[in-house]
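Heads up: the structure comes next, in structure tokens.
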Amino acid sequence: DGGITQSPKYLFRKEGQNVTLSCEQNLNHDAMYWYRQDPGQGLRLIYYSQIVNDFQKGDIAEGYSVSREKKESFPLTVTSAQKNPTAFYLCASSIDREAEAFFGQGTRLTVV
Amino acid sequence: AQRVTQPEKLLSVFKGAPVELKCNYSYSGSPELFWYVQYSRQRLQLLLRHISRESIKGFTADLNKGETSFHLKKPFAQEEDSAMYYCALSGDGATNKLIFGTGTLLAVQP
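Those protein sequence lines, which keep their order, are chains D and R.
Using the working numbering, count along the first sequence one by one with no gaps and you end on 125.
Using the working numbering, count along the second sequence one by one with no gaps and you end on 1159.
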């Protein structure tokens, strides 16, 4: 069953701890993206990757880090430097810039 | 810089009324424009893209390069159209990225 999977669905962490969100796709897509979705602010791009072993900062990369060691995986780490980490995080992938982007179901991160 | 603007946070119409969701963009190159939709408790999914020039679920969108707009239209709204709609832009540079507007919530009243 092809698709893009994010895990876990809900995540709770204490302030000051780093946390890693998983994103896996078996669609053989080159491009992968991480977004943050906050009420009234739409989807804001955190990081994106057009190919394995390469990634670029999006509009709100501060306090986040990523890796792209495998084509199918694009994990996002929310570091303690992120000032307001509580949010809904969405991962997406696409074949290329003209193609449809497929989205995961999202991870809701709560930092207490 | 790439930018997508959706001026309306909420658009409320009655069933059968025409719908127009506005989208304006800022980009110096040749962008690809998309509309995505998120129904309640479902994943964000593609509704249509300008390169396909197609009509999906009665919706159409025309790219107007002069006005840098990509408004989404439907002549007769249905209750099942109620959802969150996002306009998106993909750039054509070496490090092109896919960015979204802030979204418009469409509420179709019976």
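Cβ coordinates follow ideal geometry from the N, Cα and C atoms, glycine included.
{"Query": "Contact the segment 98-114 of chain D vs the segment 38-51 of chain D: 3+ CB pairs below 8 Å", "Result": "yes"}
{"Query": "Cβ neighbours of Leu1112/R in the same chain (closer than 7 Å, five flanking residues each side left out)", "Result": "Leu1082, His1099 and Phe1119"}
{"Query": "Assigned secondary structure, Asp51/D (DSSP; H/G/I helix, E/B strand, else coil)", "Result": "strand"}
{"Query": "Best match in Lys70/D, Thr123/D, Asn31/D and Ser62/D for proximity to Ala105/D [C-alpha to C-alpha]", "Result": "Ser62/D"}
{"Query": "Proximal chain D residues relative to Asp1141/R, where beta-carbon distance stays under 9 Å", "Result": "Arg110"}
{"Query": "Beta-carbon neighbours of Tyr1135/R, restricted to chain D and to distances below 7 Å", "Result": "Gly55 and Leu56"}
{"Query": "Classification of Thr33/D by the beta-carbon crowding that lies within 10 angstroms, buried from 16 upward", "Result": "exposed"}
{"Query": "Nearest neighbour of Gly76/D, chosen from Glu37/D, Asp43/D, Gln30/D and Thr120/D [CA to CA]", "Result": "Gln30/D"}
{"Query": "Best match in Ile73/D, Asp67/D, Asp72/D and Gly117/D for proximity to Arg81/D [C-alpha to C-alpha]", "Result": "Asp67/D"}
{"Query": "Cutoff 6 Å; reference Ser86/D; Cβ partners in own chain excluding five residues on either side", "Result": "Glu37"}
{"Query": "Status (buried if at least 16 other CB within 10 Å, exposed otherwise) for Gly117/D", "Result": "buried"}
{"Query": "Those residues which DSSP pairs with Ala105/D across a bridge", "Result": "Tyr46/D and Phe116/D"}
{"Query": "Buried versus exposed call for Asn9/D [16 or more other C-beta atoms within 10 Å across all chains shown]", "Result": "Chain D is shown only over 14 to 125; residue 9/D falls outside these bounds and no answer can be derived."}
{"Query": "Rounded distance between the beta-carbons of Val1157/R and Glu1128/R, thought under 8 Å", "Result": "5 Å"}
{"Query": "Length of the line joining the Cα atoms of Ile1105/R and Ala1132/R", "Result": "15 Å"}
{"Query": "Which listed residue (Leu1093/R, Tyr1134/R and Phe1125/R) has its alpha carbon closest to that of Lys1058/R", "Result": "Tyr1134/R"}
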